[in-house]
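Working notes for the structure below.
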Amino acid sequence: AQSVSQHNHHVILSEAASLELGCNYSYGGTVNLFWYVQYPGQHLQLLLKYFSGDPLVKGIKGFEAEFIKSKFSFNLRKPSVQWSDTAEYFCAVNPQGYQKVTFGTGTKLQVIP
Amino acid sequence: DGGITQSPKYLFRKEGQNVTLSCEQNLNHDAMYWYRQDPGQGLRLIYYSQIVNDFQKGDIAEGYSVSREKKESFPLTVTSAQKNPTAFYLCASSTAGANVLTFGAGSRLTVL
């Protein structure tokens, strides 16, 4: 069975600081990888996804993530955060060919103006 | 607009009572999911269904039951056997294979 680890539970940054949130997964086969975001009072929504190809994927609002297969990692990055990025971020993994999608425990990001 | 509708938004229940949470989607998605969200524990998968009349247990299925009689609907029953039912419950759906989830607004269940 697959699992996902997010090591940063709560991150506090000042505006314009750079962001990197860690995500590691465990699964022996090929996977699809996702980052979802939950803004205060809003639905969970997709930030970006990786299925195959270029391991550096770009998502909405200037976010990007890099898949490093040898490290089983899919870290989320943004060069310069804004106050509006305050939210909870979830990494998720889905073994290709299967329907099950497993989420990590989430990282709460607080951006201070 | 296409989307997922969960009801009720808030629900209070006495211990020992079963309660059913509704999830309806008009996205024509084949797969549907139920997750439970607790602070510090992320989203944990309760049940999921790939097609009508078929569903699989997720990681924390004990004390829950589901049905999938229609493509659009995937109700979740929280039974009295669920030892810690107070939580925020999220329903999601996806097309078969793509597994990009669309989420509903959630239902918050409080057991008194």
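Here the protein sequences line up with chains B and R, keeping their order. With the numbering used here applied, the first sequence corresponds to residues 5 to 117, in that order. With the numbering used here applied, the second sequence corresponds to residues 197 to 308, in that order. Ideal Cβ placement from N, Cα and C applies to all residues, glycine included. Predicted, not measured: the structure shown is a model, and the values here were computed from it.
Within chain B, the residues that residue i reaches when beta carbons sit closer than 7 Å
i      : result
R/N295 : N36, N98, Q103 and V105
R/Y244 : Q103 and K104
R/F299 : H47 and L48
Beta bridge counterpart(s) of residue i as assigned by DSSP
i      : result
R/I247 : R/D250
B/N36  : B/N98
B/H14  : B/K112
R/C287 : R/W230
B/V41  : B/Q49 and B/Y93
Chain R within 8 Å of residue i, Cβ atoms only
i      : result
B/G110 : yes
B/L113 : no
B/F67  : no
B/L94  : The question names Leu, yet the displayed sequence has Phe at residue 94 of chain B. Cβ-Cβ to chain R under 8 Å: yes for B/F94.
For residue j and residue i, the rounded distance between their alpha carbons
i      : j      : result
B/S22  : R/I247 : 42 Å
B/V85  : B/K65  : 10 Å
B/G101 : R/V262 : 23 Å
B/E19  : R/G300 : 30 Å
R/S269 : R/N249 : 11 Å
B/L48  : R/H225 : 17 Å
R/A277 : B/F67  : 42 Å
R/A292 : R/Q252 : 15 Å
B/T109 : R/E265 : 31 Å
B/I16  : R/T298 : 28 Å
R/N280 : R/S245 : 23 Å
R/D212 : R/G199 : Here residue 212 of chain R turns out to be Gly, not Asp, going by the sequence shown. About 33 Å.
Cross-chain neighbours of residue i in chain R, by beta carbon under 8 Å
i     : result
B/K53 : V296
Amino acids of chain R, ordered along the chain, whose beta-carbon sits closer than 7 Å to that of residue i
i     : result
B/L23 : By Cβ distance, chain R contributes nothing, its closest Cβ being about 19 Å from B/L23, past 7 Å.
Listed by chain order, chain B residues near residue i by CB distance under 8 Å
i      : result
R/F270 : Neighbours of R/F270 on chain B: none; closest Cβ ~13 Å, over 8 Å.
R/Y229 : V105
R/F208 : Neighbours of R/F208 on chain B: none; closest Cβ ~21 Å, over 8 Å.
Short CB-CB distance (under 8 Å) between residue i and chain B
i      : result
R/L239 : yes
R/A277 : no
R/L286 : yes
Amino acids of chain B, ordered along the chain, whose beta-carbon sits closer than 9 Å to that of residue i
i      : result
R/G236 : H13, T109 and G110
Cβ distance (whole Å) where residue i is taken to contact residue j below 8 Å
i     : j     : result
B/C27 : B/L60 : The Cβ separation is near 15 Å, so there is no contact.
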